[in-house]
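Enquirer: Please see the structure below; I have some questions.
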Amino acid sequence: MEELLKVLDKISAIYGPIYGTLFFVLLVGLFLILYFFQKRIKNISEEISSRAISEFNKKLDLIFRDETIRTSLRYKIAQDSVDKKMEFYKKVNETYFIYQKSWLFTKETPDEDIKSISDAILKLREELFINSIYLGGELSDKLIRSVSFMYSDFRRKVEEIKNPYRISKQDTIDYVMQLSDLMADARKWLVENIFPDQTVKQFEFTPEQQNRIEEEKKKFLDNKNIGVS
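The sequence shown begins at 8 in the numbering used here and counts up by one.
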């Protein structure tokens, strides 16, 4: 400050007091400009920093939000999975009884009846593929194979109407037995994985009941094949 006053005194002595005063005003103005410029730079820096932090926080929010969405989605799928498993196991059983109507097909069976059964089986097979994410690999495989067996045997029945001597009685029985085993496996899987507090034995037929069911199936198929021939 003393050096600045000495400079001002020299300017006043050489150029007069007016120039000294003007020089002083210029210095003060320059100081103020530098001061406010520095302050503005600081404000801009803080603004940029705040903006960057805000953007970073937004990205963090998006990351956590996406994770929340993924977690919610996984939870939703898991929650719906049990309901879907039971729903489609029930649908497969319902379709099984629809498919059984084909055992009574004759040459007089209307095409509309044949088509309605075919459509029901194919629709269920498509739904099983679409909902396999809920059913899981093992159960969906059992259910899809069951429905595929229904459709394959259904086609055999339709062909048998046209040519009753082309397919043997034993082949028909084998198809029915394999299909029954697949559906039983699906039922056991559900009991073991969906109802862990219950045992499979609670849902299994006794040996006497199984033998009676097999006898009834064979008797029904024997009578049916005799009627066709």
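Cβ atoms here follow ideal geometry from the backbone N, Cα and C, with glycine treated the same way.
These figures come from a predicted structure and were not determined experimentally.
1. Where N200 and R132 are concerned, what is the direct C-alpha to C-alpha distance, given to the nearest angstrom?
2. Go through its chain and collect everything with a Cβ distance to Y158's Cβ below 6 angstroms, but skip five positions before and after it.
3. Looking at the secondary structure, which residues open and close the alpha helix (DSSP H) in which E115 lies?
4. Does the CB of G144 have a neighbour CB from chain C at under 9 angstroms?
5. Confirm, please, whether the CB-CB distance from V165 to F112 is below 9 angstroms.
6. Can the beta-carbon of D192 be found closer than 9 angstroms to that of K149?
7. Decide if M190 is buried, meaning its Cβ has at least 16 other Cβ atoms within 10 Å, or exposed.
8. Take K91 as the anchor and find which of F136, E215, K108 has the nearest alpha-carbon.
9. Does the beta-carbon of F104 have 16 or more other beta-carbons within 10 angstroms, so that it is buried, or is it exposed?
10. For T206, which three-state DSSP category applies?
11. On the three-state DSSP scale, how would you describe G143?
12. Who are the near neighbours of G234 in its chain, counting only those whose CB is closer than 6 angstroms to its CB and skipping five residues on each side?
13. To the nearest angstrom, how far is the alpha carbon of K169 from that of V89?
14. So, helix, strand or coil for N100, using DSSP?
15. Nearest to Q185 by alpha carbon, out of E215, N138, E167, V154?
Expert: In short:
1. As a first step, residue 200 is located in the sequence shown; it is residue number 193 there, counting from the start. As a first step, residue 132 is located in the sequence shown; it is residue number 125 there, counting from the start. Straight-line Cα distance between these residues: approximately 23 angstroms.
2. Position 151 of the sequence shown holds residue 158. For Y158, where only same-chain residues beyond five positions count, the Cβ hits under 6 angstroms are I128.
3. As a position in the sequence shown, residue 115 is number 108, starting the count at 1. Counting along the chain, E115 falls outside any alpha helix (DSSP H), and DSSP gives it neither H nor E.
4. The structure shown contains no chain C; it holds only a single protein chain.
5. Here residue 112 refers to the residue found at position 105 of the sequence shown. Here residue 165 refers to the residue found at position 158 of the sequence shown. It is a contact, given that the beta carbons lie within the stated cut-off.
6. Residue numbering aside, residue 192 sits at position 185 when the sequence shown is read from its first letter. Residue numbering aside, residue 149 sits at position 142 when the sequence shown is read from its first letter. Contact: yes.
7. In the sequence shown, residue 190 corresponds to position 183, counting from 1. With 16 or more Cβ atoms within 10 Å of its Cβ, M190 is classed as buried.
8. Here residue 91 corresponds to residue number 84 of the sequence shown, with the count starting at 1. If we check each option's Cα against that of K91, F136 comes out closest.
9. Position 97 of the sequence shown holds residue 104. Burial call: exposed.
10. By one-based count along the sequence shown, residue 206 stands at place 199. At T206, the pLDDT of 44 sits below 50, so the modelled position is not reliable; the number obtained from the coordinates is stated separately. It is coil, neither helix nor strand.
11. Start at 1 with the first residue of the sequence shown, and residue 143 comes out as number 136. Coil, per DSSP.
12. Within the sequence shown, numbered from 1, the residue matching residue 234 stands at position 227. Annotation note: pLDDT 49 at G234 (below 50); position unreliable, coordinate value reported separately. None.
13. Your numbering for residue 169 matches position 162 in the sequence shown. Your numbering for residue 89 matches position 82 in the sequence shown. For K169 and V89, the distance between alpha carbons rounds to 43 angstroms.
14. For this step, residue 100 is matched to residue 93 along the sequence shown. In this structure, N100 counts as helix in the three-state DSSP scheme.
15. Locating residue 185 in the sequence shown gives position 178, counting from the first residue. Looking at the Cα atoms, V154 is the closest of the given residues.
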